[in-house]
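Notes follow once the structure below has been shown.
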Amino acid sequence: AENKPLSGTKIIVTAGPTREKVDPVRFLTNHSSGKMGYAIAGEAAKLGADVTLVSGPVSLCPPEGLETVLVESAEDMFQAVSGLFEEADVVIKTAAVADYRPKHVFDHKIKKQEGGQVLELERTKDILLELGKRKTHQLLIGFAAETDNVEKYARKKLDKKNADMIVANDVKQEGAGFGTETNIVTIFKRNGDMLSLPLMSKQEVARHLLSEIISELKKDDGK
Ligand code: PMT
Numbered sequence: 182a183e184n185k186p187l188s189g190t191k192i193i194v195t196a197g198p199t200r201e202k203v204d205p206v207r208f209l210t211n212h213s214s215g216k217m218g219y220a221i222a223g224e225a226a227k228l229g230a231d232v233t234l235v236s237g238p239v240s241l242c243p244p245e246g247l248e249t250v251l252v253e254s255a256e257d258m259f260q261a262v263s264g265l266f267e268e269a270d271v272v273i274k275t276a277a278v279a280d281y282r283p284k285h286v287f288d289h290k291i292k293k294q295e296g297g298q299v300l301e302l303e304r305t306k307d308i309l310l311e312l313g314k315r316k317t318h319q320l321l322i323g324f325a326a327e328t329d330n331v332e333k334y335a336r337k338k339l340d341k342k343n344a345d346m347i348v349a350n351d352v353k354q355e356g357a358g359f360g361t362e363t364n365i366v367t368i369f370k371r372n373g374d375m376l377s378l379p380l381m382s383k384q385e386v387a388r389h390l391l392s393e394i395i396s397e398l399k400k401d402d403g404k
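Structural data, given as structure tokens:
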């Protein structure tokens, strides 16, 4: 259909931060508000896609017309996405997933004491990397939040994670990245192409990204 170019397409979108427990009252997290991922999920649903939004803890209302799975930690997000991956056509990893979590989760509140305190961390699973290894037919899109050398790191991620596109945002730029209503992104593709978008609302970024995805899907159809 003309105005529903994504009907019949199964899309997973991840959004928001993760929370990594330290003890019953504390956790490690980041500034992701979920706005970027929720905008993508909402726009994809409007274009007819069958969307599952896998979201970390945010204060947004889930968009209409799609299924939302709420998760907390990087491990929870990994489990949720893994279970849905095989059936998916497109995966868009907008979530700001923790790279580290506390090695031990205390079952009691850590009491303050004299002097400093050391918290030992261990790596979480890199979900994007894992999906890149398992990928069969899926179009895999990652995000990259960088503060310097945006292009170099984005292209590196594209390669290392076997992704089809990386959407890079320089989170040091005014109006881009975490928490804002707007974003400034550059989309890097596997064939070397790149598309730099000016400052625009996250909803508009979502529309541009989805139109790139629609052209990629059309190419695949032609194979
Ligand atoms: O939520 P908002 O407030 O709207 O902000 C949007 C955003 C800044 C969070 C978003 O635009 C963004 O850049 N998301 C990716 C943030 C991030 O964690 O980037 P990264 O460079 O650390 O990770 C690269 C990619 O690997 C991401 O697709 C991420 O989802 C994925 N990843 C990272 C770590 C991990 N353990 N598993 C992953 O899958």
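Going letter by letter, the sequence shown gives residues 182 to 404 in full-length UniProt numbering. Beta carbons: idealized from backbone N, C-alpha and C, even for Gly.
Taking buried to mean at least 16 other C-beta atoms within 10 Å of its own C-beta, is residue i buried or exposed?
i	result
residue 322	buried
residue 411	Since the first and last residues shown for the chain are 182 and 404, residue 411 lies out of range.
residue 379	exposed
residue 355	exposed
residue 231	buried
residue 206	exposed
residue 301	exposed
residue 245	exposed
residue 392	exposed
residue 213	buried
residue 373	exposed
residue 264	exposed
residue 351	buried
residue 333	exposed
residue 328	exposed
residue 383	buried
residue 284	exposed
residue 338	buried
residue 274	buried
residue 227	buried
From the DSSP output, read off the bridge partner residues of residue i.
i	result
residue 323	274 and 347
residue 203	Answer is none; residue 203 lacks a bridge partner.
residue 234	194 and 249
residue 367	349 and 377
residue 209	201
residue 392	Answer is none; residue 392 lacks a bridge partner.
residue 382	363
Got a sec: is the Cβ-Cβ distance from residue i to anything in chain D below 8 Å?
i	result
residue 398	No chain D is present in this structure, which holds just one protein chain.
Please specify which runs of the alpha helix (DSSP H), each continuous and at least 4 residues long, are wholly inside the segment 243-310, giving them in chain order. 255-266
Using 8 Å as the Cβ pair cut-off and three pairs as the minimum, do the segment 295-313 and the segment 250-265 touch? These segments touch.
So, does the segment 279-289 touch the segment 356-376, judging by three or more C-beta pairs under 8 Å? no
Determine contact between the segment 232-242 and the segment 192-206, defined as no fewer than three beta-carbon pairs at a distance below 8 Å. yes
Three Cβ pairs or more, each shorter than 8 Å: is that satisfied between the segment 182-193 and the segment 258-275? yes
Stretch pair the segment 292-299 + the segment 217-232: three plus CB contacts closer than 8 Å: no
Are at least three pairs of beta-carbons, each pair with one atom in the segment 342-354 and one in the segment 315-331, less than 8 Å apart? yes
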